[in-house]
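Structure record follows, encoded as structure tokens.
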Amino acid sequence: MALSDWTELENLSGEIADSQSRLAAARSTQNHGLVKLLERQITEAEKWRDRLLSQITARMTSSSGPAARRRDPPAVAVDQPQPMEAEAPTVEAPTVEAPAVEAPAVEAAIEITPIVTSPEPAPVIDAASPEPAPIADRLEGVADVWDQLTRADVERVKRELGLRRAELLSRHADELRALDAQQTEIDTLEQTIDAFARRFNIAGAEVVVPFEGERNPRGQARG
């Protein structure tokens, strides 16, 4: 439905703006993982928004095309009698001066001239060629679509938007949990390395002190 396209387009624009504000905050805190995630989400949302815009434009053009073709045939019907009015003076002028013997030739000319002039109407060719619909017709087509909507259509669109929003939030939550797990692993590794370094320094001091303590008594015994 056209309503779902417009509503989803509006929601996508709001999500893109929200993601861009979150991206600016992530960049200020130098959270590189979240920055990459938000950039990818913004790119996908912008692609989907472009597809929606193209669909809406195509539907508006296709709905306004038949209206333009329905208005063109009356103009053709008005233009068709004009060749008949132009032929009347050409037939009456020679009948006054020509003798009775030449009457068959005049009638033959009268019968031939419609064959030459009948295939000339140009509006028929113009009616077949598609013309761009004016803006008023497009707005009228959009208004007709809105009039055809029912409460059930609106409720269905709301449900679809709710499901899509829930899927997006669930996917974002999973990705954030994965990032938190990676950050926790990194913190654990850093703590382990620090503890190992502290323990190594303490163990080294404990090894050196007994070694020095044992050398001094031996030196005194020899003395």
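Quick note on our numbering: the sequence shown kicks off at 28 and runs consecutively.
Where a beta carbon is used, it is the ideal one built from N, C-alpha and C, also for glycine.
How is residue i classed by DSSP in three states: helix, strand or coil?
| i | result |
| --- | --- |
| Gln209 | helix |
| Leu176 | coil |
| Ile43 | helix |
| Thr84 | helix |
| Gln57 | coil |
Considering only the alpha carbon of each residue, which of the options lies closest to residue i?
| i | options | result |
| --- | --- | --- |
| Leu61 | Thr177, Glu35 and Leu203 | Leu203 |
| Glu35 | Gln209, Arg86 and Leu188 | Leu188 |
| Arg76 | Asn38, Thr88 and Arg67 | Asn38 |
| Ala205 | Gln175, Leu50 and Leu64 | Leu64 |
| His287 | Glu42, Asp207, Asn228 and Leu216 | Here the chain comprises residues numbered 28 to 250, so residue 287 is not present and cannot be evaluated. |
| Leu50 | Ser40, Arg191, Gly41 and Glu66 | Glu66 |
| Glu253 | Gln209, Ala193, Val181 and Gln175 | Here the chain has residues from 28 to 250 only, and residue 253 is not among them. |
| Arg198 | Trp33, Ser40 and Gln68 | Gln68 |
| message | For the pair the region 78–85 and the region 52–61, tell me if three or more CB-CB distances fall below 8 Å. | response | With contact defined as three or more Cβ pairs closer than 8 Å, the region 78–85 and the region 52–61 are not in contact.
| Any 3 or more C-beta pairs closer than 8 Å across the region 38–50 and the region 62–74 | yes
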